[in-house]
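A.B. asks: Per this note's numbering, the sequence shown starts with residue 970, numbered consecutively. Submitted below is the structure of interest, expressed as structure tokens.
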Amino acid sequence: MAVYKYKVVDANGKNLKGDIEAQSQDQAVNKLKADGYTVVSCNEAGALDKDIQIGGERKIKPRDLSVFCKQFASVLNAGVTIISALDMMSEQMDNKTLQAVLRDAKTYVEKGGTLADGFRQHAKVIPQIMISMIEAGEMSGNLEVCFERLSIQFDKQSKLQGKIKGALTYPIIVLIVAVVVVIVMVVAVIPAFSDMFADMGMDLPAATRLLLWLSDLFRYRWWLVAIIVVAVVAVYKMFAATDVGKHVLGKVAMKMPIFGKLNVMQAAANTSRTLSTLMASGISLVEAVEAVANMMTNVWFKEALLNAKDQVMKGVPLSKPIRDAGIFPNMLPQMIKIGEETGNIEDMMDKVADYYEEQVDMTTEQVTTAMEPLTMVVMAGIVGIIVAGVYGPILSMYQNMDNL
970 MAVYKYKVVD
980 ANGKNLKGDI
990 EAQSQDQAVN
1000 KLKADGYTVV
1010 SCNEAGALDK
1020 DIQIGGERKI
1030 KPRDLSVFCK
1040 QFASVLNAGV
1050 TIISALDMMS
1060 EQMDNKTLQA
1070 VLRDAKTYVE
1080 KGGTLADGFR
1090 QHAKVIPQIM
1100 ISMIEAGEMS
1110 GNLEVCFERL
1120 SIQFDKQSKL
1130 QGKIKGALTY
1140 PIIVLIVAVV
1150 VVIVMVVAVI
1160 PAFSDMFADM
1170 GMDLPAATRL
1180 LLWLSDLFRY
1190 RWWLVAIIVV
1200 AVVAVYKMFA
1210 ATDVGKHVLG
1220 KVAMKMPIFG
1230 KLNVMQAAAN
1240 TSRTLSTLMA
1250 SGISLVEAVE
1260 AVANMMTNVW
1270 FKEALLNAKD
1280 QVMKGVPLSK
1290 PIRDAGIFPN
1300 MLPQMIKIGE
1310 ETGNIEDMMD
1320 KVADYYEEQV
1330 DMTTEQVTTA
1340 MEPLTMVVMA
1350 GIVGIIVAGV
1360 YGPILSMYQN
1370 MDNL
């Protein structure tokens, strides 16, 4: 779909402008007219006007969804109609993808469709949990309550992701700084010593030979480095898109030191919280499990939950396939079993989610604390190699002179 920039006048004579996605200019104009606008201009956006989007529509962050759901619930509670609420929210949201989704949903509802189906048209960027809960809210007449629950759900999800990203930020920054320092040294500093090393006529230490090789590589064959980097990234992306790649990378994400444990706990927290939220809104266990499966990014958890859904449809208690999957923490199937026996799964899931969210919080703090000295050791090692490579031959030369 192309992006078109438009200027229109609404029914009250107010001038408006914005972006709209459509297959063609005619379709964009027809969409705007169908929304009741008088079109002043509608032209395809230039390359500099468009948001860079790789692979179609850009994903909407949980934080943006949380803000939208909270504001939408407030507007509905104030007695505003769904169509008017969608119109208001589409103007207020900063996320361009969410703006486009809300405009399309408004048009769909105006034509007599349901709000859930309006969002379902953008299932690639709107989570299944949101579509399912909106559908349940429309059927029960408690749409605003469902949006309030969604706001809480996405807010907790956003905070959980933020904590894990926060634990990764410091070591990544240190790694980037280390790489930059090495490149600057081998490109700007080492060449100043290379002629002197050549005149020494002595065997150079391994560290010095490594630095000289890197210096030549980055100074004279930088294009080869660029090609290798691009090729590695391309191969990784192609591999990650295959079924084998998804399984391999998913397994690595679960088994890697420290962060594997974090990923598993995050999956357990998301599974528990989402199941509780969906079931509290009146959604059946089968639909809830399927919705949770569809929101999983790790293929192992997704397949385990889809298998659990199939087993539940056959009458098997949910706790059994969750336990048999062997990838969830033991506490999760145990608490599900207690919930099944007491008839109160959603409360049990809430408690499990609270527990694992606290565990993620504690673990990220421990990881951050442990990473600081570890990264300093790595930096010291890099500096040590550079110092040894540069000054090692010089010291050896002076020692040889003293021995003469």
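For each residue, glycine too, the CB sits at the ideal point set by N, CA and C.
At what residue ranges does the region 1283 to 1341 contain a whole run of the alpha helix (DSSP H), taking only runs of 4 or more?
C.D. replies: Those alpha helix (DSSP H) runs which fall completely within the region 1283 to 1341 and span 4+ residues are 1288 to 1294, 1300 to 1311.
A.B. asks: I want to know whether the region 1155 to 1164 touches the region 1330 to 1348 - three or more CB-CB distances under 8 Å.
C.D. replies: Output reads no: the region 1330 to 1348 does not touch the region 1155 to 1164.
A.B. asks: Just checking, does the region 1102 to 1120 make contact with the region 1302 to 1318 on the three C-beta pairs under 8 Å criterion?
C.D. replies: No, because fewer than three Cβ pairs between the region 1102 to 1120 and the region 1302 to 1318 fall closer than 8 Å, the two stretches do not touch.
A.B. asks: Using a threshold of 7 Å, state whether the C-beta atoms of Lys1080 and Ile1052 are closer than that.
C.D. replies: Counting from one through the sequence shown, the residue named residue 1080 turns up at place 111. Counting from one through the sequence shown, the residue named residue 1052 turns up at place 83. Cβ distance not < 7 Å, so Lys1080 and Ile1052 don't count as in contact.
A.B. asks: Which of the three DSSP states is assigned to Tyr975 in this structure?
C.D. replies: Against the sequence shown, residue 975 aligns to sequence position 6. Correct three-state label for Tyr975: strand.
A.B. asks: Where does Asp1073 land, buried or exposed, given buried means 16+ other C-beta within 10 angstroms?
C.D. replies: Here residue 1073 corresponds to residue number 104 of the sequence shown, with the count starting at 1. Answer is buried; the Cβ neighbour count reaches 16.
A.B. asks: The beta strand (DSSP E) spanning Ile989 covers which residue range?
C.D. replies: By one-based count along the sequence shown, residue 989 stands at place 20. Element bounds for Ile989: 984 to 991.
A.B. asks: What residue range is occupied by the uninterrupted beta strand (DSSP E) comprising Thr1007?
C.D. replies: Within the sequence shown, numbered from 1, the residue matching residue 1007 stands at position 38. Unbroken beta strand (DSSP E) run through Thr1007: 1007 to 1013.
A.B. asks: Counting pairs of Cβ atoms below 8 Å between the region 1249 to 1261 and the region 1281 to 1298, do you hit three or more?
C.D. replies: The region 1249 to 1261 vs the region 1281 to 1298: in contact.
A.B. asks: Near Asn1012, what residues of its chain come up, given a Cβ to Cβ distance below 7 Å and the 5 sequence neighbours on each side ignored?
C.D. replies: Position 43 of the sequence shown, counting from 1, holds the residue named residue 1012. Here the set comprises Tyr973, Lys974.
A.B. asks: Pairs of beta-carbons, one from the region 986 to 999 and one from the region 1086 to 1093, closer than 8 Å: are there three or more?
C.D. replies: Contact fails: fewer than three Cβ-Cβ distances are below 8 Å.
A.B. asks: What are the boundary residues of the alpha helix (DSSP H) that Met1225 is part of?
C.D. replies: The residue given as residue 1225 occupies position 256 in the sequence shown. Note, Met1225: premise wrong, no alpha helix (DSSP H); not H, not E.
A.B. asks: Does the separation of the CB atoms of Phe1041 and Phe1116 fall below 7 Å?
C.D. replies: Sequence index remark: in the sequence shown, residue 1041 carries index 72 (1-based). Sequence index remark: in the sequence shown, residue 1116 carries index 147 (1-based). Cβ distance < 7 Å, so Phe1041 and Phe1116 count as in contact.
A.B. asks: For Asp1212, which residues of its own chain have a beta-carbon under 6 Å away from its beta-carbon, when the five flanking residues on both sides are left out?
C.D. replies: The residue you call residue 1212 lines up with position 243 of the sequence shown. For Asp1212, where only same-chain residues beyond five positions count, there are no Cβ hits under 6 Å.
A.B. asks: Between the region 1091 to 1103 and the region 1216 to 1234, do three or more beta carbon pairs fall short of 8 Å?
C.D. replies: No contact exists between the region 1091 to 1103 and the region 1216 to 1234.
A.B. asks: Apply the 10 Å Cβ neighbour rule to Gly1358 and answer buried if 16 or more other Cβ atoms are within range, or exposed otherwise.
C.D. replies: Taking the first residue of the sequence shown as position 1, residue 1358 is located at position 389. So Gly1358 counts as buried.
A.B. asks: Roughly how many angstroms separate the alpha carbons of Asn1299 and Thr1066, rounded to a whole number?
C.D. replies: What you label residue 1299 is simply residue 330 of the sequence shown in a count that begins at 1. What you label residue 1066 is simply residue 97 of the sequence shown in a count that begins at 1. Taking the straight line from one Cα to the other gives about 39 Å.
A.B. asks: Excluding five sequence neighbours on each side, which residues of the same chain lie with their C-beta closer than 8 Å to the C-beta of Ile1351?
C.D. replies: Within the sequence shown, residue 1351 is the residue found at index 382, counting from 1. The answer, listed in chain order, is Ala1147, Val1150, Val1151.
A.B. asks: How many whole angstroms separate the CB atoms of Gln1235 and Val1329, which I take to be in contact at a CB cut-off of 8 Å?
C.D. replies: Here residue 1235 is taken as the residue at index 266 of the sequence shown, counted from 1. Here residue 1329 is taken as the residue at index 360 of the sequence shown, counted from 1. Indeed they touch by this definition, with Cβ atoms about 6 Å apart.
A.B. asks: Threshold first: 4 residues or longer. Then list the alpha helix (DSSP H) segments lying entirely within the region 1253 to 1285, N to C.
C.D. replies: Segments of the alpha helix (DSSP H) lying fully in the region 1253 to 1285: 1254 to 1264, 1268 to 1282.
A.B. asks: Just to confirm the assignment, what range does the alpha helix (DSSP H) spanning Gln1090 have?
C.D. replies: Position 121 of the sequence shown, counted from the first residue, corresponds to residue 1090. Per DSSP, Gln1090 belongs to no alpha helix (DSSP H) and is neither H nor E.
A.B. asks: Can Ala1054 and Val1044 be called in contact, C-beta distance under 7 Å?
C.D. replies: By one-based count along the sequence shown, residue 1054 stands at place 85. By one-based count along the sequence shown, residue 1044 stands at place 75. Yes, the pair counts as a contact, with Cβ atoms nearer than the cut-off.
A.B. asks: Do you know how far the Cα of Val1268 is from the Cα of Ile1296?
C.D. replies: Against the sequence shown, residue 1296 aligns to sequence position 327. Against the sequence shown, residue 1268 aligns to sequence position 299. Near 12 Å, if we compare the C-alpha coordinates of Val1268 and Ile1296.
A.B. asks: Excluding the 5 residues preceding and the 5 following Phe1208 in the sequence, name in chain order all residues of the same chain whose CB lies nearer than 6 Å to its CB.
C.D. replies: Within the sequence shown, numbered from 1, the residue matching residue 1208 stands at position 239. Closer than 6 Å at Cβ, skipping near neighbours: Gly1214.
A.B. asks: Taking the beta carbon of Glu1327 as the centre, do at least 16 other beta carbons fall within 10 Å, making it buried, or is it exposed?
C.D. replies: The count along the sequence shown starts at 1 and reaches residue 1327 at position 358. Label assigned to Glu1327: exposed.
A.B. asks: How should Thr1243 be labelled, buried or exposed, when 16 other C-beta atoms within 10 angstroms of its C-beta is the threshold for buried?
C.D. replies: Here residue 1243 corresponds to residue number 274 of the sequence shown, with the count starting at 1. Result: buried.
A.B. asks: Check Met1062 in the structure and name its three-state DSSP category.
C.D. replies: As a working note, residue 1062 is residue 93 in the sequence shown. Of the three classes helix, strand and coil, the one that applies to Met1062 here is coil, per DSSP.
A.B. asks: Gly1005 to Ala1262, Cα distance in whole Å?
C.D. replies: Position 36 of the sequence shown holds residue 1005. Position 293 of the sequence shown holds residue 1262. If I take the Cα positions, the gap works out to 39 Å.
A.B. asks: Leaving out the 5 sequence neighbours to the left and right, which residues in its chain are closer than 6 Å to Thr1344 when beta-carbon positions are compared?
C.D. replies: Position 375 of the sequence shown, counted from the first residue, corresponds to residue 1344. So the list reads Pro1140, Val1143, once near-sequence residues are dropped.
A.B. asks: Ser1245 by DSSP, collapsed to three states: which one?
C.D. replies: Against the sequence shown, residue 1245 aligns to sequence position 276. It is helical.
A.B. asks: Within a Cβ cutoff of 8 Å, which residues of the same chain sit near Ser1127, ignoring the five residues on either side of it in sequence?
C.D. replies: In the sequence shown, the residue the question calls residue 1127 occupies position 158. Closer than 8 Å at Cβ, skipping near neighbours: Lys1030, Pro1031, Arg1032, Ser1035.
A.B. asks: Compute the Euclidean distance between the alpha carbons of Thr1332 and Leu985, then round it to the nearest angstrom.
C.D. replies: What you label residue 1332 is simply residue 363 of the sequence shown in a count that begins at 1. What you label residue 985 is simply residue 16 of the sequence shown in a count that begins at 1. Thr1332 and Leu985: Cα-Cα distance of roughly 49 Å.
A.B. asks: On the three-state DSSP scale, how would you describe Lys1134?
C.D. replies: Position 165 of the sequence shown, counted from the start, is the residue given in the question as residue 1134. Helix, per DSSP.
A.B. asks: Should Met1102 go down as buried or exposed, given a rule of 16 or more other Cβ atoms within 10 Å for buried?
C.D. replies: Translated into the one-based positions of the sequence shown, residue 1102 becomes position 133. Classification of Met1102: buried, given that the 10 Å Cβ count is 16 or more.
A.B. asks: With 16 other CB atoms within 10 Å as the buried threshold, where does Asn1313 fall?
C.D. replies: Residue 1313 sits at position 344 when you count from the first residue of the sequence shown. Exposed, by the Cβ-count rule.
A.B. asks: In whole angstroms, what separates the C-alpha of Met1099 from that of Val1009?
C.D. replies: Residue 1099 sits at position 130 when you count from the first residue of the sequence shown. Residue 1009 sits at position 40 when you count from the first residue of the sequence shown. Going from the Cα of Met1099 to the Cα of Val1009 covers about 35 Å.
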